[in-house]
Every structure is written in C-alpha cells, then in structure tokens.
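**Q** In my numbering, the protein residues as written are 17 to 500.
Glycine is no exception: its CB is placed at the ideal position from the N, C-alpha and C atoms.
Predicted model only: the values in this text are computed from it and were never measured.
Pasting a structure here, questions to come.
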Ligand code: NAP
Ligand code: G3H
C-alpha cells in the first residue's frame with residue numbers, strides 16, 4: 017500500500033522508471049506544517065544527473081506508451097481515480113498537514129480530481145482525426161486527401177503550485193497520459209507528499225513504468241535545468257506570473273501552457289441581488305483563505321450600492337470561523353510566514369494611502385484575517401498587486417464604464433464577475449472585459465473542470481479544461497495522399 021514504497025523513515029523518495037528512489041545527493045527539503053511548523057516529512061533534492069536519467073527513461077517509455085491502445089490507457093486512469101476515491105481521507109489528511117487546507121475542501125479536491133481523471137479518460141476515447149479533401153482548393157490540380165491526426169508531443173514537463181497540489185498536478189498528468197505523452201512532474205515542495213501518494217496509486221493501477229515520473233528539489237537549483245532540458249517536448253506550468261515569465265523565456269520554441277496570477281474583479285451593479293452578491297463574494301474572497309488563483313481580489317461597487325454592500329459584507333465576514341483545517345475553519349494559516357508578511361505589508365500600505373479598514377480579525381503566527389478594506393484607490397499597492405490571502409478589497413466607482421476601465425486596467429486577465437438582474441447589462445459589460453472568463457451572478461471559479469479555463473495578459477497562455485487540455489498536449493499531424 018502507498019507509503020510502503022514511497023518512504024524511508026521521514027524521507028519521501030522520487031519516482032523514476034516506476035521505482036521510488038533515494039537521491040545520491042543525500043540532500044533533503046523539509047516540508048513543514050504551516051500551522052505549527054512541525055515536520056510533515058522530507059523530500060529529495062534530486063541531482064542534475066538524476067534528472068538526466070529521468071528524462072532518458074521518460075523519453076524511451078513514451079514510445080511504448082503511445083502504442084498502447086487508448087482504451088487501455090483510459091482503463092488505467094479509471095483505476096487510478098477509483099483508488100484516489102478509496103483513499104480520499106488519507107490524501108485529505110496529508111493536504112491538511114502540508115498546506116493547511118480545510119478538511120472539507122481537501123476532500124473536495126481529491127473527489128474533484130478523481131472526477132476529472134475519469135472524465136479525461138472518456139474524453140480521450142474521443143480524440144479523433146479528420147479527413148480533409150484538398151481537390152477543391154484554388155488551382156489545385158492534383159487530388160489530395162489529408163489524414164489529419166492528433167499525436168502526442170513526447171515528454172511533458174508538468175510543474176504545479178502549492179495551493180491545489182493534487183488537482184493542478186493530475187489535471188496535467190491525466191490529459192498528457194491519455195493522449196500518449198509521458199510526464200515528468202515537479203510538484204511544489206509544499207504539497208509534494210500528497211502528489212507522491214497519488215503517483216503510487218497510478219502505479220498500483222497498472223501504469224507502465226517510466227511514463228509518470230516525479231522529481232522534487234530546490235526549484236531555484238533545478239527549475240531552470242528542467243525547463244531548458246533538451247528532452248522537454250512541452251511545458252505545462254501553474255504558478256506565479258514571475259516564475260511563469262521566467263519559464264517562458266527559457267522554454268524557447270517549446271509548446272507552453274501557463275496558468276499564472278490573477279486579480280479577479282467582481283462588479284456589483286446597483287440592481288444586483290445583494291444577498292447573492294454578498295454570499296458569492298464572501299466565498300470568492302475567503303475560500304481557502306484567499307489562496308486561489310480565481311479568488312475575488314477586487315470588489316467594484318457601482319453607484320449607490322457601496323454602503324449597503326459593505327455593511328452586509330462585513331457582517332458576513334465577521335462570522336467566518338478562524339482556526340484549524342481539521343475543524344473545517346474558513347480561515348486557516350497561510351502557506352508560510354513570507355506570505356503572511358506580504359499580506360500585512362499590502363494592508364499597511366493601503367491604510368497609509370486612504371483605505372478604510374472595516375475588519376481585521378486575527379494576526380497570530382501564520383494566521384491572518386479575515387480583512388476587509390474599503391475605499392481602495394490607485395495609490396494603494398493592493399489596487400494592482402495580487403494579494404494571495406484573505407483580504408477583501410472594495411473599490412467604489414461612479415458608473416459601469418468606470419468599473420470596466422478598472423477591471424481592464426490590470427496586468428492580469430483571468431476571470432471577472434458581474435452581479436446584476438439586467439441581462440443586457442450583464443452581456444454588454446461581459447463583452448467589454450478583457451479576461452478569459454466572465455461569470456454572471458456567480459463568483460470567479462475554475463470548475464467544473466471540463467469548462468474552458470483560459471486567460472489573457474500576465475495571467476497566462478493557452479486554455480485548460482479537459483478537452484482543451486488534451487488538445488493543448490497534442491499536435492496535429494497530417495499524412496497526405498496524392499492521387500494522380
Ligand atoms: P510559484 O512560487 O510560482 O511556484 C509554482 C511552482 O513553480 C512550484 O512547483 C515551485 O516550486 C516551482 N518553481 C519555483 N521557482 C521555479 C523555477 N525557477 N523554475 C521552475 N519551477 C519553479 O507559485 P505558488 O506560490 O506555488 O502558487 C501561487 C501562485 O500561483 C499565485 O500567483 C496564483 O495565482 C498562481 N496560480 C494560478 C493558477 C491558474 O490556474 N491561473 C492556479 C493556481 C495558482 P517550489 O514551490 O518548490 O519552489
Ligand atoms: O488556484 C487556482 C485553482 O485552479 C482554482 O480553482 O476556482 O475551482 O477554486 P477553483
């Protein structure tokens with residue numbers, strides 16, 4: 017059973033060629049519980065030589081894997097997903113310890129990912145090509161028929177962030193595998209243990225050795241090496257804009273999927289259903305303590321709705337439970353001290369620059385918030401910068417046009433929400449917002465995971481979402497028959 021193979025003492029191994037290995041570097045990274053800094057476990061700091069070996073294995077096993085019929089690959093994905101569901105409480109327990117995710121959200125992450133894997137397996141069965149006839153094209157005298165297929169890239173390098181370790185790792189692994197790629201997965205150090213646990217479930221499900229490999233280590237040491245490795249055929253990254261930009265500058269001429277930072281706005285129009293808007297904004301701002309790419313990071317209150325909205329919003333924010341992940345608290349510790357210090361810095365700066373602090377509930381060790389700041393203006397850093405924590409920011413504007421301008425005047429463009437009862441306003445505004453997705457009368461949200469998840473500007477490149485991820489992880493190859 018899992019961990020029997022993946023672990024020796026406190027040390028979690030890396031995965032290469034279907035075997036769990038200890039690095040010869042004899043260097044480790046400690047994964048600490050954000051709640052009390054206790055040791056959850058140590059992961060390997062793999063050497064560059066070991067990385068070369070992993071690439072060699074991933075490359076050769078991919079050639080075998082792509083020959084396995086897609087229905088067999090789908091069967092393995094289904095089995096792995098079933099094993100995840102069977103072990104969901106164990107995985108959720110690790111998530112609580114590694115990343116301080118509240119219990120129900122941790123269980124939800126596992127269930128959601130198992131669903132995603134199963135759906136991906138089914139969607140993979142529908143990857144099909146087409147036949148394109150060329151004889152009707154201008155001045156084409158030959159009769160040409162193209163057999164157009166989708167083929168795998170080869171070795172996909174997947175790099176995932178700390179906040180959804182399971183979901184944002186296996187939403188890359190599943191589409192890559194179903195379409196015949198092999199994968200080298202580098203999870204965030206914080207989150208790696210749950211990712212390792214799930215990889216063992218894939219092996220148990222019958223995955224060919226070497227098709228899924230996991231390397232762990234100090235990103236500043238191995239990150240560039242992985243990304244610029246000659247044997248990488250495609251990179252799928254989720255994380256900060258800063259690292260995403262670095263990766264895009266290194267992965268020259270390699271296909272890229274980048275899911276990066278956000279500054280999602282919720283526009284509240286005067287005719288909005290206030291109860292609904294408040295409920296969605298509370299969840300949007302504070303779920304997983306605001307550590308979601310899609311968290312609502314700006315609330316834009318239009319016209320005279322401002323006071324009514326902020327009164328109701330603060331009353332609800334005050335009710336949020338602050339405490340431990342095991343108690344299903346709404347607000348738990350942030351991932352580390354650096355993250356908490358950054359939130360404090362943004363809040364202090366806003367208070368100095370004219371913000372009205374309506375709520376600041378807790379500050380103890382890695383626990384902070386919930387915080388509500390009103391009257392945020394363009395002198396405050398938090399007006400522009402991505403707060404990755406439990407801070408609701410309210411910006412007051414005169415009218416819809418000013419709201420649209422503020423949403424678009426951002427380096428980010430992930431999602432935006434509009435709360436209104438006027439369908440014409442909703443669609444008119446939605447068409448003018450420069451973001452990947454607009455939600456009408458709902459918080460910004462990635463799921464369900466089969467929906468397209470796309471972005472503009474510094475929020476990333478490409479589109480994810482089961483069918484779209486499969487397309488992004490394959491290329492078109494044509495074989496043309498010339499009939500004379
Ligand atoms: P991060 O610091 O950028 O880290 C993301 C991943 O990159 C981790 O595995 C990290 O490893 C690794 N990494 C760090 N430096 C690297 C380098 N030089 N080369 C290669 N890999 C490197 O982001 P995070 O703090 O984990 O996640 C929070 C950010 O991700 C937020 O900005 C959030 O908005 C964004 N995010 C976006 C989406 C989306 O779908 N758009 C989803 C989730 C999160 P280590 O952690 O071990 O250093
Ligand atoms: O952090 C980014 C996640 O992909 C957000 O997913 O909107 O379903 O919470 P979510």
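Is residue 297 near ligand 1, judged by its Cβ being under 7 Å from some heavy atom?
**A** For ligand 1, not one heavy atom lies less than 7 Å from the Cβ of residue 297.
**Q** Ignoring anything shorter than 4 residues or poking outside the segment 409-436, list the alpha helix (DSSP H) runs there in chain order.
**A** Runs found: 416-424.
**Q** Going by DSSP, name the residue or residues bridged to residue 237.
**A** Answer is none; residue 237 lacks a bridge partner.
**Q** Quick check: what's the CA-CA separation for residue 497 versus residue 261?
**A** Roughly 42 Å between the two C-alpha positions.
**Q** For the putative contact between residue 485 and residue 312, defined by C-beta atoms under 8 Å, what is the C-beta separation to the nearest angstrom?
**A** That belief does not hold up - the Cβ atoms of residue 485 and residue 312 are roughly 25 Å apart, past 8 Å.
**Q** Which of helix, strand or coil does DSSP assign to residue 388?
**A** Three-state DSSP puts residue 388 in a strand.
**Q** Can you find the residues in the same chain that come closer than 6 Å, C-beta to C-beta, to residue 488, ignoring five residues on each side of it along the sequence?
**A** The residues are 273, 478.
**Q** Answer yes or no: does any C-beta atom of chain C fall closer than 8 Å to that of residue 58?
**A** Absent from the structure is chain C; it holds one protein chain and no more.
**Q** Below 8 Å on the Cβ atoms is my contact criterion, and I expect residue 266 with residue 247 to pass it. Report the Cβ-Cβ distance as a whole number of Å.
**A** Not confirmed; about 14 Å, so no contact.
**Q** With a Cβ-Cβ cutoff of 8 Å, do residue 51 and residue 130 count as a contact?
**A** No, they are not a contact pair.
**Q** Nearest-angstrom Cα distance between residue 302 and residue 346?
**A** Cα to Cα, the separation comes out at about 7 Å.
**Q** Out of 125, 63, 76, point me to the one whose CA is closest to residue 43's CA.
**A** That would be 63, whose Cα lies nearest to the Cα of residue 43.
**Q** Among the residues of its own chain, which have a CB less than 6 Å from the CB of residue 309, if the five just before and after it don't count?
**A** These residues qualify, in order along the chain: 278.
**Q** Run through the DSSP bridge pairs and tell me what residue 469 is partnered with.
**A** Note: residue 469 sits in a beta bridge opposite 480.
**Q** Quick check: the segment 468-475 against the segment 289-308, are there 3 or more CB pairs under 8 Å?
**A** At 8 Å Cβ cutoff, the stretches do not touch.
**Q** Out of 465, 473, 56, 476, which has the shortest C-alpha to C-alpha gap to residue 191?
**A** It is 465.
**Q** Using CA atoms only, rank isn't needed, just tell me which of 101, 291, 135, 325 is closest to residue 124.
**A** When each option's Cα is compared against that of residue 124, the closest is 101.
**Q** What is the DSSP secondary structure of residue 268, reduced to helix, strand or coil?
**A** In the structure shown, residue 268 sits in coil (DSSP, three-state: anything other than H, G, I, E or B).
**Q** Comparing alpha-carbon positions, which option in 461, 385, 375, 213 lies nearest residue 103?
**A** Checked all of 461, 385, 375, 213; the closest Cα to residue 103 is 213.
**Q** Beta-carbon separation of residue 56 and residue 32 under 8 Å?
**A** Cβ distance not < 8 Å, so residue 56 and residue 32 don't count as in contact.
**Q** DSSP three-state label for residue 45, please.
**A** The answer is strand: DSSP assigns residue 45 an E or B state.
**Q** Using 8 Å as the threshold, is the C-beta distance between residue 90 and residue 141 below it?
**A** A contact, by the Cβ cut-off of 8 Å.
**Q** Spatial neighbours of residue 80 within its chain, please: CB distance less than 7 Å, with the 5 preceding and 5 following residues excluded, ordered by chain position.
**A** 224.
**Q** If contact is defined by three or more beta carbon pairs under 8 Å, each pair taking one atom from either stretch, is the segment 337-353 in contact with the segment 445-453?
**A** These segments do not touch.
**Q** When every heavy atom of ligand 2 is checked, does at least one fall within less than 7 Å of the C-beta of residue 461?
**A** Indeed, a heavy atom of ligand 2 lies less than 7 Å from the Cβ.
**Q** On the three-pair Cβ rule with 8 Å, is the segment 413-428 touching the segment 323-330?
**A** Too few Cβ pairs lie closer than 8 Å, so no.
**Q** Just to confirm my understanding: we take residue 476, look at its own chain, exclude 5 residues before and 5 after, and list those with CB closer than 6 Å. What are they?
**A** Result list for residue 476: 274, 275, 276, in chain order.
**Q** DSSP three-state label for residue 149, please.
**A** It is a strand residue.
**Q** From which residue to which residue does the alpha helix (DSSP H) around residue 89 run?
**A** Here the alpha helix (DSSP H) through residue 89 covers 86-102.
**Q** What are the start and end residues of each continuous beta strand (DSSP E) run of 3 or more residues lying completely inside the segment 150-222, in chain order?
**A** Runs of the beta strand (DSSP E) inside the segment 150-222: 159-168, 171-175, 198-202.
**Q** Select from 93, 230, 172, 182 the residue whose C-alpha is nearest the C-alpha of residue 106.
**A** For residue 106, the nearest C-alpha among the options comes from 182.
**Q** Quick check on DSSP: helix, strand or coil for residue 317?
**A** Reduced to three states, the DSSP call for residue 317 is strand.
**Q** Please classify residue 323: does DSSP put it in a helix, a strand, or coil?
**A** Three-state DSSP puts residue 323 in a helix.
**Q** Excluding the five sequence neighbours on either side, which residues of its own chain have a C-beta within less than 8 Å of the C-beta of residue 128, listed in chain order?
**A** Once the five neighbours on either side are set aside, the close Cβ partners of residue 128 are 183, 463, 465.
**Q** Where DSSP assigns a beta bridge to residue 273, which residues make up the other side?
**A** BP columns for residue 273 point to 252.
**Q** Going by beta carbon distance, what residues of the same chain come within less than 7 Å of residue 257, once the five residues before and after it are set aside?
**A** So the qualifying residues of the chain are 276, 277, 474.
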